[in-house]
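Given below as structure tokens:
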């Protein structure tokens, strides 16, 4: 109650997988750099948002919707209120990332499921660590952006061509999902995706196509 998501930016995980060329240590090094970049960008956007006044948001602030907003006057800036919100780091294409790194995705073997949970768990730990370090609320988002999954793969097709299982379709798989084209029962899809929900504290979704 009284909080909201201020901004989110999604990371193109398959591109990092392709850049690493099968080197897992290199993958995590690049991932660290990308998360740091996103955090700097989110903090920059936060600084801009903090220059606004209560009067710029008459409903959210003027009606006391945001936590502590009832303590501010119309001309006060918003830092002390907006700091309660979240800054979210999203991700696209875990399935294609695993295929780029290992040749298989997490719907195909328990080993790949373990690797997938390691990657997303690592990202969540990074967010938690930055939250403590900067006393801000950094959270991890399982991005459901249909448009972005198509945009990212078009960019990567231009750079890398069509790589089987990675860039050979019209879209990357949303967040941590098992690919919709992969033959799997509804029960098994939900079972495999289930542990990722707990890691994505900024939001998460699963769906089954019948």
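Residue numbers (the numbering used here): 26 to 235.
Beta carbons: idealized from backbone N, C-alpha and C, even for Gly.
Could you name the residues that DSSP lists as bridge partners for residue 165? Residue 165 sits at position 140 when you count from the first residue of the chain shown. Residue pairing from DSSP places residue 165 in a beta bridge opposite 114.
| message | Going by the DSSP bridge assignment, what does residue 78 pair with across the sheet? | response | Counted from its first residue, the chain shown places residue 78 at position 53. Residue pairing by DSSP places residue 78 opposite 102 in a beta bridge.
Does residue 83 pass the burial test, meaning 16 or more other C-beta atoms within 10 Å, or should it be called exposed? Taking the first residue of the chain shown as position 1, residue 83 is located at position 58. Answer is exposed; the Cβ neighbour count stays below 16.
| task | Let me know if residue 73 comes out buried or exposed under the rule of 16 or more other beta-carbons within 10 Å of its beta-carbon. | result | For the purposes of this step, residue 73 is taken as the residue at position 48 of the chain shown. Only exposed fits residue 73, as fewer than 16 other CB atoms lie within 10 angstroms of its CB.
Mind listing, in chain order, the continuous beta strand (DSSP E) runs of no fewer than 3 residues lying wholly within the stretch 127 to 197? 162 to 167, all fully within the stretch 127 to 197.
So, for residue 13: in the same chain, excluding its five sequence neighbours on each side, which residues have a beta-carbon less than 6 Å away from its beta-carbon? There is simply no residue 13 to check, as the chain begins at 26 and stops at 235 in what is shown.
Cβ-Cβ separation, residue 99 to residue 79 (assumed contact under 8 Å), whole Å = To locate residue 79, count along the chain shown from 1; it is residue 54. To locate residue 99, count along the chain shown from 1; it is residue 74. Yes, residue 79 and residue 99 are in contact; Cβ-Cβ is about 5 Å, under 8 Å.
Q) How far does the beta strand (DSSP E) with residue 31 in it reach, from first residue to last? A) Position 6 of the chain shown, counted from the first residue, corresponds to residue 31. Element bounds for residue 31: 30 to 37.
Within 10 Å of its beta-carbon, does residue 50 have 16 or more other beta-carbons around it, so buried, or fewer, so exposed? Position 25 of the chain shown, counting from 1, holds the residue named residue 50. Its Cβ having fewer than 16 others within 10 Å, residue 50 is exposed.
Exercise for review: Take residue 125 and list the residues in its own chain whose beta-carbon comes closer than 7 Å to its own, dropping the five residues that flank it on each side.
Suggested key: Within the chain shown, residue 125 is the residue found at index 100, counting from 1. The answer, listed in chain order, is 39, 42, 43, 191.
Just to confirm my understanding: we take residue 122, look at its own chain, exclude 5 residues before and 5 after, and list those with CB closer than 6 Å. What are they?
To locate residue 122, count along the chain shown from 1; it is residue 97. Taking C-beta separations shorter than 6 Å and ignoring five residues to either side along the sequence, the partners of residue 122 in its chain run 38, 39, 42, following chain order.
Is residue 42 helix, strand or coil when you go by DSSP?
Numbered from 1 along the chain shown, position 17 holds the residue referred to as residue 42. Taken through DSSP and simplified to helix, strand or coil, residue 42 comes out as helix.
*asked:* Considering just the uninterrupted stretch of the alpha helix (DSSP H) at residue 214, what are its terminal residues?
replied: As a working mapping, residue 214 is identified with position 189 in the chain shown. Residues 211 to 224.
Can you tell me the Cα-Cα spacing of residue 31 and residue 112, whole angstroms? Residue 31 sits at position 6 when you count from the first residue of the chain shown. Residue 112 sits at position 87 when you count from the first residue of the chain shown. CA-to-CA, the gap between residue 31 and residue 112 works out to about 6 Å.
Taking the CB atoms as reference points, tell me whether residue 194 and residue 209 lie closer together than 8 Å. For the purposes of this step, residue 194 is taken as residue 169 along the chain shown, with counting starting at 1. For the purposes of this step, residue 209 is taken as residue 184 along the chain shown, with counting starting at 1. Remark: C-beta atoms of residue 194 and residue 209 do not approach each other more closely than 8 Å.
Whole angstroms is fine: what's the gap from residue 26's alpha carbon to residue 90's? Residue 26 sits at position 1 when you count from the first residue of the chain shown. Residue 90 sits at position 65 when you count from the first residue of the chain shown. In a straight line, the C-alpha of residue 26 is about 8 Å away from that of residue 90.
query = If residue 205 sits next to residue 171, beta carbons under 8 Å apart, how far is it from one beta carbon to the other, in whole angstroms?
reply = Residue 205 sits at position 180 when you count from the first residue of the chain shown. Residue 171 sits at position 146 when you count from the first residue of the chain shown. Going by Cβ atoms, the distance from residue 205 to residue 171 rounds to 11 Å, so no, they are not a contact pair.
Alpha-carbon spacing of residue 54 relative to residue 173, whole angstroms: If you number the chain shown from 1, residue 54 lands on position 29. If you number the chain shown from 1, residue 173 lands on position 148. In a straight line, the C-alpha of residue 54 is about 24 Å away from that of residue 173.
Note to self: Between residue 106 and residue 86, how many whole angstroms is the CB-CB distance? I'm expecting something under 8 Å.
What the structure shows: Along the chain shown, read from residue 1 onward, the residue named residue 106 stands at position 81. Along the chain shown, read from residue 1 onward, the residue named residue 86 stands at position 61. About 7 Å separates the beta carbon of residue 106 from that of residue 86, a gap short enough to meet the 8 Å contact definition.
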